[in-house]
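Visitor: Below: one structure in structure tokens.
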Amino acid sequence: MHTLLWILFSCFIGGLLSVTAAALVTMNTRTHLVSHLVSYAVGAMLGAVFLEILPHAFKLTNHIEATTFVVLFGILLFFVLEKLLLWRHCHGDHCEVHDVHQDNHASSNHQHTHDAGRSGSMIMVGDLFHNFVDGILIGSAFMVSTSVGIVTALAIIAHEIPQEVGNFLILLHSGYKKKEAFIFNLLASSFTVLGGLLAYFILESMMDWIPFILALAASSMIYVSIADLIPGLHKKTELRSTIFQVALIVLGVASVALTQWIVEG
0 MHTLLWILFS
10 CFIGGLLSVT
20 AAALVTMNTR
30 THLVSHLVSY
40 AVGAMLGAVF
50 LEILPHAFKL
60 TNHIEATTFV
70 VLFGILLFFV
80 LEKLLLWRHC
90 HGDHCEVHDV
100 HQDNHASSNH
110 QHTHDAGRSG
120 SMIMVGDLFH
130 NFVDGILIGS
140 AFMVSTSVGI
150 VTALAIIAHE
160 IPQEVGNFLI
170 LLHSGYKKKE
180 AFIFNLLASS
190 FTVLGGLLAY
200 FILESMMDWI
210 PFILALAASS
220 MIYVSIADLI
230 PGLHKKTELR
240 STIFQVALIV
250 LGVASVALTQ
260 WIVEG
């Protein structure tokens, strides 16, 4: 299959799959599944970073120090973006994603209070940016090799599902209807395709930049995994929950390794 077709297929199917899966989870109020998805997403992202993305980035360049600097710079960049409400929709001393999760577990005797669409508007802006960047990462990864592209796309889909669940919850909290929340999230996911197209047509003539784009992709996955997802896992301290989380993280890493073995084998 042509590289452009791989990019379009992965970006479109990935966005549709993550939004649909999140809608099914949210609209059936099965929010307890989110923690399981998060554990798997952590493993998939870290596996993609250290088994595929960074090794390929190092193979494509003689400037190892510059590549690792981009990883460090990317982590700091995403920290700043998160502070500016563009990366993970959190602000101040609390995160609306976490607050809405708590609201959903609250007693049914307490009425939801909407915020006149304020947080919903914020999340849509952040999600458009996030999906656009995801498309660029997927596109640049496929330009390295099909195996890197598939693993990167799988890792992004894995972490998009729990994020999209949070997006749905915030939109519903802001007063949007379920149908409206689904349509808005689906439209936002289309920006993944735009990002993939941009990566293909611009980066194709700038191959020397691909190792640094991959390093940026790695830094985004490291940051989201370590700074955002893992702290949420620590809220469950029971031994049984911890063992289950570790097993799912290992499963996420194993799925990346298995995909790599199948594609390259």
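Numbering (numbering that gives the first Met the number 0), first residue to last: 0 to 264.
Ideal Cβ placement from N, Cα and C applies to all residues, glycine included.
Helix, strand or coil for Tyr-199 per DSSP?
Guide: Counting from one through the sequence shown, the residue named residue 199 turns up at place 200. Looking at Tyr-199 - three-state DSSP - the assignment turns out to be helix.
Visitor: Tell me whether Glu-159 sits in a helix, a strand or coil according to DSSP, three-state version.
Guide: Reading the sequence shown from its first residue, position 160 is the one you call residue 159. Glu-159 falls in the helix class under three-state DSSP.
Visitor: Between Gly-13, Glu-179, Ile-212, which has its C-alpha nearest Phe-190's C-alpha?
Guide: Numbered from 1 along the sequence shown, position 191 holds the residue referred to as residue 190. The shortest Cα separation from Phe-190 among Gly-13, Glu-179, Ile-212 belongs to Gly-13.
Visitor: If Ser-17 and Glu-163 are in contact, beta carbons under 8 Å, what's the gap, nearest whole angstrom?
Guide: Locating residue 17 in the sequence shown gives position 18, counting from the first residue. Locating residue 163 in the sequence shown gives position 164, counting from the first residue. Their Cβ separation, rounded to whole angstroms, is 5 Å, which keeps Ser-17 and Glu-163 in contact under 8 Å.
Visitor: For Glu-159, tell me which candidate among Met-142, Leu-127, Val-143, Tyr-175 has the shortest Cα-Cα distance.
Guide: Taking the first residue of the sequence shown as 1, we reach residue 159 at position 160. Taking Glu-159 as reference, the option from Met-142, Leu-127, Val-143, Tyr-175 with the minimal CA-CA separation is Leu-127.
Visitor: Roughly how many angstroms lie between the CA atoms of Val-249 and His-35, to the nearest whole one?
Guide: Indexing the sequence shown from 1 puts residue 249 at position 250. Indexing the sequence shown from 1 puts residue 35 at position 36. Distance between the alpha carbons of Val-249 and His-35: 12 Å.
Visitor: Three or more beta-carbon pairs under 8 Å between the stretch 186-202 and the stretch 62-77, yes or no?
Guide: No: fewer than three Cβ pairs fall under 8 Å.
Visitor: Around the C-beta of Met-142, are 16 or more other C-beta atoms found within 10 angstroms, so that it is buried, or is it exposed?
Guide: What you label residue 142 is simply residue 143 of the sequence shown in a count that begins at 1. So Met-142 ends up on the buried side.
Visitor: Tell me the DSSP secondary structure of Gly-174 in three-state form.
Guide: For the purposes of this step, residue 174 is identified with residue 175 of the sequence shown, where counting begins at 1. Gly-174 falls in the coil class under three-state DSSP.
Visitor: Let me know if Met-44 comes out buried or exposed under the rule of 16 or more other beta-carbons within 10 Å of its beta-carbon.
Guide: Stepping through the sequence shown from its first residue, residue 44 is reached at position 45. Per the 10 Å Cβ criterion, buried.
Visitor: Assuming Ala-198 and Ile-156 make a contact with CB atoms under 8 Å, what is their CB distance in whole Å?
Guide: Reading the sequence shown from its first residue, position 199 is the one you call residue 198. Reading the sequence shown from its first residue, position 157 is the one you call residue 156. The pair is not a contact, with the Cβ atoms about 17 Å apart (cut-off 8 Å).
Visitor: If you run the structure through DSSP and keep just helix, strand and coil, what is Lys-58?
Guide: Numbered from its first residue, the sequence shown carries residue 58 at position 59. Looking at Lys-58 - three-state DSSP - the assignment turns out to be helix.
Visitor: Candidates Tyr-175, Ile-242, Leu-215, Ala-180: which alpha carbon is nearest Ser-139's?
Guide: Locating residue 139 in the sequence shown gives position 140, where the first residue counts as 1. The residue among Tyr-175, Ile-242, Leu-215, Ala-180 with its C-alpha nearest the C-alpha of Ser-139 is Leu-215.
Visitor: Comparing alpha-carbon positions, which option in Ala-22, Val-37, Leu-15, Leu-23 lies nearest Ile-225?
Guide: Here residue 225 corresponds to residue number 226 of the sequence shown, with the count starting at 1. The closest CA to that of Ile-225, considering only Ala-22, Val-37, Leu-15, Leu-23, is found on Val-37.
Visitor: Where do the ends of the alpha helix (DSSP H) carrying Lys-82 lie?
Guide: Translated into the one-based positions of the sequence shown, residue 82 becomes position 83. 63-82 is the extent of the alpha helix (DSSP H) around Lys-82.
Visitor: Starting from Ala-226, trace the alpha helix (DSSP H) both ways and give me its first and last residue.
Guide: Working through the sequence shown from its first residue, we reach residue 226 at position 227. It is not in any alpha helix (DSSP H) - Ala-226 carries neither H nor E in the DSSP assignment.
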